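Encoded as structure tokens, the structure appears first; notes follow it.
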Amino acid sequence: MKEKFISINTNSQVNIEENKIISFDKSNLSTYSFRVGEDGLLGVHYQEGEMSDEEGYARARKNLELKRPYPFELETGERHRDKTERELTDKEIFDLAEEALSHLHSKYPDFRLNGNVRQRKTESGQQNERGLNYSQKDCSVHADFSFKHKDSKDISDGWFGIGLRNFDVDKLYAMADNYLSNFEREAELPEEIIVQIQYYGFLGKLSESLDAEKLSLGTSLLSGKIGEKVFSDKFTLCHDVTDAECWHNNFFDGEGVVLPGDKLAYIENGVVLRGYSDKRIAQKYGVEHTGSAWRNYADIPSNGNVNFRITRSEKTVKELLDKRLSIVPVRYSGGGFNEKGEYVMPVQMAYLCDGEKFLGRLPEFTLVSNMFDMFGRDFIGVGSDNPVFNDKQILVRMKLGHT
């Protein structure tokens, strides 16, 4: 059997330092992975830059001698998805960066800005001799800035950024106004600590715990809990590659498997339904195959291709807060989950927020929680709107720890 995967990444980037444009970079990288299967073994050749199919498959065939077992059939199917809404020229990217920097620096001269404005274009495809033919395209423009006030002794006070498929500079300006116009206004921590933040960084330990191999071996924090209600009945977690904020993700996994509707629930209304597995893990442990193969360009696929999204509430962030105030961490480092699922987040800079607008800058503090409380009794929800970050965000109660 023969199969190949193609990935083409094109990046155009304007770099900004000390309120000045310093460079423009452009890169175009084509990556190929050729696979040849024979007698339950898989030979793989990884290639950066173009290579003919004849040479690529010949090199993959030679690598059969490495005896990597892969006793699985190729997938079939044809589908093409293009999520591109608008593509800018290099000049338009440069002009956008120049305009944005000029506007922000003139309006907020007391801040030093560093960062970049960039466009990312991706194309990927997978084909094999059984007729599988998948392709995916995406294009997005991102503007990311770190900021430092002239009187600050820190290297950086925080950052803000926005990514859009059809870039709207006014959305960037509104975000900058929220972050920069409220920096010098001081605020106090509320009695009830409700954190409002993009949740992706919170999902690492949960993702690790849903690995079907770890669940089977008893080394997961969720081992023995399949079918049990472990989290809040408002908490549903899906692998989802339909999501609007799902940037440059393929709808097919590393083995060419496509999930019905491009999504699959792993936790529903707090009940743990399943762990994720590729073909090898499903066969080895007799568990459900969930189309979760991570594409390894130079080796056989491995388990771990999940794009987890928490299902949104029907309420906005402000409605979920119900007249309470939230804390929005902006600069935080040095924390994370430990092996027990306990979480610590030292926050160097944060804002007090009404759910939409910042009300002032907070003193330094440390947040503590754990995975089970975070998505259980302390889970408030994920808003239906995208304030503050122009992306989905979680509301969750936490406690203050020692600074």
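Read left to right, the sequence shown gives residues 183 to 585 (the numbering used here). Heads up, the beta-carbon is just placed ideally off N, CA and C, and yes, glycines get one too. In this text, all values refer to a predicted model and were calculated from it rather than measured experimentally.
Mind reading off the beta-carbon distance from N386 to F519? Whole number of angstroms is fine, and I expect it under 8 Å.
-> Note on identity: in this sequence residue 386 is Gly, with Asn being the wrong assignment. Yes, G386 and F519 are in contact; Cβ-Cβ is about 7 Å, under 8 Å.
Buried or exposed by the 16-neighbour rule on C-beta atoms within 10 Å, applied to D352 = exposed
Which of helix, strand or coil does DSSP assign to E237?
-> helix
Applying the criterion that 16 or more other CB atoms from any shown protein chain within 10 Å of the CB defines a buried residue, is R477 buried or exposed?
-> buried
For G537, which three-state DSSP category applies?
-> coil
Residues of its chain near V299, where Cβ-Cβ distance is below 7 Å and the 5 sequence neighbours each way are ignored = V196, I275, L278, A279, A282 and A325
CB Y381 to CB I576, shorter than 9 Å?
-> yes
Of the residues S338, V453, V440 and L397, the one placed nearest F327, counting alpha carbons only | S338
Can you tell me the Cα-Cα spacing of Y448 and Q229, whole angstroms?
-> 35 Å
Run of the alpha helix (DSSP H) containing K249, from where it starts to where it stops = Careful: K249 lies outside any alpha helix (DSSP H) and carries neither H nor E.
Taking the runs of the beta strand (DSSP E) that are 3 residues or longer, which of them lie wholly in the region 402 to 428?
-> 419 to 422
Which value, in whole angstroms, describes the spacing of the CA atoms of E395 and G473?
-> 14 Å
Does the region 456 to 467 come close enough to the region 423 to 433 that 3 or more CB-CB pairs lie under 8 Å?
-> no
Alpha-carbon spacing of P372 relative to G438, whole angstroms | 49 Å
Do the region 204 to 213 and the region 240 to 248 make contact, defined as three or more Cβ pairs closer than 8 Å?
-> no
Between the Cα of D292 and those of E255, H331 and Q308, spot the shortest distance and give me the residue it belongs to.
-> H331
Please determine, among H471, E390, S284 and A358, the residue with the shortest C-alpha to C-alpha distance to S405.
-> E390
Please look up how many angstroms separate the CB atoms of K500 and E538, rounded, as I've assumed it's under 8 Å.
-> 6 Å
Proximity to S566 [Cα-Cα], best of R250, T498, D555 and L507 = T498
Since V218 sits in a beta bridge, which residues does DSSP pair it with?
-> K184 and G225
Three CB pairs or more closer than 8 Å across the region 479 to 488 and the region 402 to 416 = no
Exposed or buried, E255, counting other C-beta atoms within 10 Å across all chains shown (16 or more means buried)?
-> exposed
Figure out for me which residue from V440, G222, G563 and H227 has the closest Cα to the Cα of L502.
-> G563
Contact under 9 Å by Cβ, K303 with I188 | no
Compute the Euclidean distance between the alpha carbons of P569 and N552, then round it to the nearest angstrom.
-> 26 Å
Determine, using beta-carbon pairs with one atom in the region 334 to 349 and one in the region 522 to 529, whether at least three such pairs fall under 8 Å.
-> no
Is the Cβ-Cβ distance between K265 and D320 less than 9 Å?
-> yes
Across which residues does DSSP place F490 in a beta bridge pair?
-> H421
Just curious, the beta strand (DSSP E) that V510 is in, first and last residue?
-> S508 to Y514
Helix, strand or coil at N310 [DSSP, three-state] | strand
Residue range of the alpha helix (DSSP H) that includes E274 | D272 to K289
State yes or no: is the C-beta of V377 within less than 9 Å of the C-beta of V412?
-> no
Nearest-angstrom Cα separation, counted from G457 out to H471 = 9 Å
S391 (DSSP reduced to helix, strand or coil) | helix
When you compare each of S398, I379 and A480 to L224 by their alpha carbons, which one comes out closest?
-> A480
Residues of its chain near L362, where Cβ-Cβ distance is below 7 Å and the 5 sequence neighbours each way are ignored = Y290, F293 and F329
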